[in-house]
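Structure first, commentary second.
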């Protein structure tokens, strides 16, 4: 396997794991504590988009959920929840 192909494959595995982690991620605090991130209301994610997402992994996950919901792709995460 070529070096570039190996790097692309490794990125794919990382992206797959990120999506699995995203499907399992829950809100750790606040009004929506223990709710799956994908189940957060859209207005809450829009508020974070306007205010600024938190730093770190949670912020990246919330931003990804925001993008998925804005593009009507939350079904992808729901399928991962069912299968993993």
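Residue numbers (this note's numbering): 214 to 297.
No residue lacks a Cβ here, since even glycine has one placed at the ideal position from N, Cα and C.
Beta-carbon separation (whole angstroms), residue i vs residue j, contact threshold 8 Å
{"i": "residue 250", "j": "residue 275", "result": "6 Å"}
{"i": "residue 262", "j": "residue 235", "result": "In fact, because the Cβ distance is near 17 Å, the residues do not count as touching under 8 Å."}
{"i": "residue 253", "j": "residue 293", "result": "Rounded, the Cβ-Cβ distance is 16 Å, inconsistent with contact."}
{"i": "residue 281", "j": "residue 271", "result": "Not a contact, Cβ separation roughly 15 Å."}
{"i": "residue 237", "j": "residue 248", "result": "Not confirmed; about 12 Å, so no contact."}
Exposed unless 16 or more other CB atoms sit within 10 angstroms - verdict on residue i
{"i": "residue 286", "result": "exposed"}
{"i": "residue 225", "result": "At residue 225, the pLDDT of 48 sits below 50, so the modelled position is not reliable; the number obtained from the coordinates is stated separately. So residue 225 counts as exposed."}
{"i": "residue 296", "result": "exposed"}
Among the options, the one whose alpha carbon lies nearest that of residue i
{"i": "residue 265", "options": "252, 239 and 279", "result": "279"}
{"i": "residue 258", "options": "241, 269 and 283", "result": "283"}
{"i": "residue 241", "options": "267, 295, 291 and 297", "result": "267"}
Per DSSP, the bridge partner or partners of residue i
{"i": "residue 249", "result": "239"}
Query - alpha helix (DSSP H) runs contained entirely in the segment 256–297, provided each spans 4 or more residues - result: Counting only runs that start and end inside the segment 256–297, the alpha helix (DSSP H) elements of at least 4 residues fall at 269–283 and 287–296.
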